[in-house]
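Here my numbering is used: the first residue of the sequence shown is 73, the next is one more, and so on.
Virtual Cβ for every residue (Gly too), placed ideally from N, Cα, C.
Every value quoted in this text rests on a predicted model; they were computed, and no experiment measured them.
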Amino acid sequence: MSVSSSLLFDHCLWLLLLMPCLGLILTYFTKRTKPYRKNGKIYRHDVAARVEHWPHALGTLFLLISGIIMGLSFFISFVSTSEEAVIALNVHFVAACAFLFGTFYYIGNAISEPARTKEHLPNKDAISSTLNHYGAQLGFKRAKYPKEKKYFQSENMAYVFAIFVGALMAFTGIIKSIQHSIDLPGFVVSAATLLHDIGTVAMLLFLLAHVFFAVLVPWSWKTFPSMIHGWMPEEEAKKEHPGWYEDIVSEEQKAK
């Protein structure tokens, strides 16, 4: 079997086009669940939020791993045979499918419920809120913990960065994929490759920062599991996300 006949990019390119469509179609059948309190816990992330997150997150992770392996192979011998190169490329393909599905499922949900998208966007006090937030976490007396909403303002600023870099990588990645089936001008492929590499470095830095602040630091330990099973302790929400907690209580009182 030739190397070319084993490449998913050569024979299954249609899957890369199908994944965004599946993500958008699934939005039509999605019913969102608002945060609510129950037995001392708060339902923070519904099923749709987790279905958006994990294909996108794992896709990004394996795109970075396989992409770095292929990129650095020009300098360091990570792959020594054509078969190993095919494995790296095929992992990149599968990861791209997961990334595109999660991304477009998120886009579809964002379009259908703009209020949820607004939760992710920084406000005019984002910088001062972030300085006060982490200043208070580190024990600085002058820092006053802000009324953080569902997401910290630091997360919201990072969100804008991630959207920009993710769009750059998706667009340039699609161009690089199309070249497997269509002859594109050399300068187009070269420009796409350069921008894709820049995006890779930026996304790697973002991912490392995201894992550190969302998983590794002690104040994230009670919140992170909500991205797995949906729930977080009510007291933790009241402490770390006071503005969001007040919104939940207010909505529940209005519903009575």
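{"Check": "So the candidates are His192, Lys219, Lys190, Arg109; which of them puts its Cα closest to the Cα of Leu203?", "Outcome": "Lys219"}
{"Check": "Residue range of the beta strand (DSSP E) that Pro305 falls in?", "Outcome": "303-305"}
{"Check": "Taking three-plus beta-carbon pairs below 8 Å as touching, is the segment 157-173 in contact with the segment 120-136?", "Outcome": "yes"}
{"Check": "Closer than 7 Å: is that where the CB of Ala208 sits relative to any heavy atom of the ligand PLP?", "Outcome": "Absence of the ligand PLP from the depicted structure is noted, as is the absence of any ligand whatsoever, leaving it without description."}
{"Check": "So what's Arg109 in DSSP terms, helix, strand or just coil?", "Outcome": "strand"}
{"Check": "Relative to the C-alpha of Asp82, which candidate in Ile159, Met229, His252 has its C-alpha closest?", "Outcome": "His252"}
{"Check": "Less than 8 Å between the C-beta atoms of Glu312 and Ile114, yes or no?", "Outcome": "no"}
{"Check": "Looking at the secondary structure, which residues open and close the alpha helix (DSSP H) in which Pro92 lies?", "Outcome": "85-100"}
{"Check": "Could you tell me whether the segment 293-304 touches the segment 255-262, using the rule of 3 or more Cβ pairs below 8 Å?", "Outcome": "no"}
{"Check": "Give me the DSSP bridge partner(s) of Tyr115.", "Outcome": "Trp303"}
{"Check": "Find the nearest neighbour of Leu85 within the set Ile246, Tyr223, Pro194, judged by alpha-carbon distance.", "Outcome": "Ile246"}
{"Check": "Give the secondary structure of Asn162 by DSSP, where H, G and I count as helix, E and B as strand, and everything else as coil.", "Outcome": "helix"}
{"Check": "Would Ile141 be called buried (16 or more neighbouring beta carbons within 10 Å of its own) or exposed?", "Outcome": "buried"}
{"Check": "Where does Phe81 sit, in a helix, a strand or coil, going by DSSP?", "Outcome": "helix"}
{"Check": "Going by CA-CA distance only, name the one from Gly131, Thr105, Ile235 that's closest to Leu88.", "Outcome": "Gly131"}
{"Check": "Drop a sphere of 10 angstroms on the beta-carbon of Arg104, count the other beta-carbons inside from all chains shown, and report buried for 16 or more, exposed for fewer.", "Outcome": "exposed"}
{"Check": "Here's the rule: buried if 16 or more other CB atoms are within 10 angstroms of the residue's CB, otherwise exposed. What is Tyr177?", "Outcome": "buried"}
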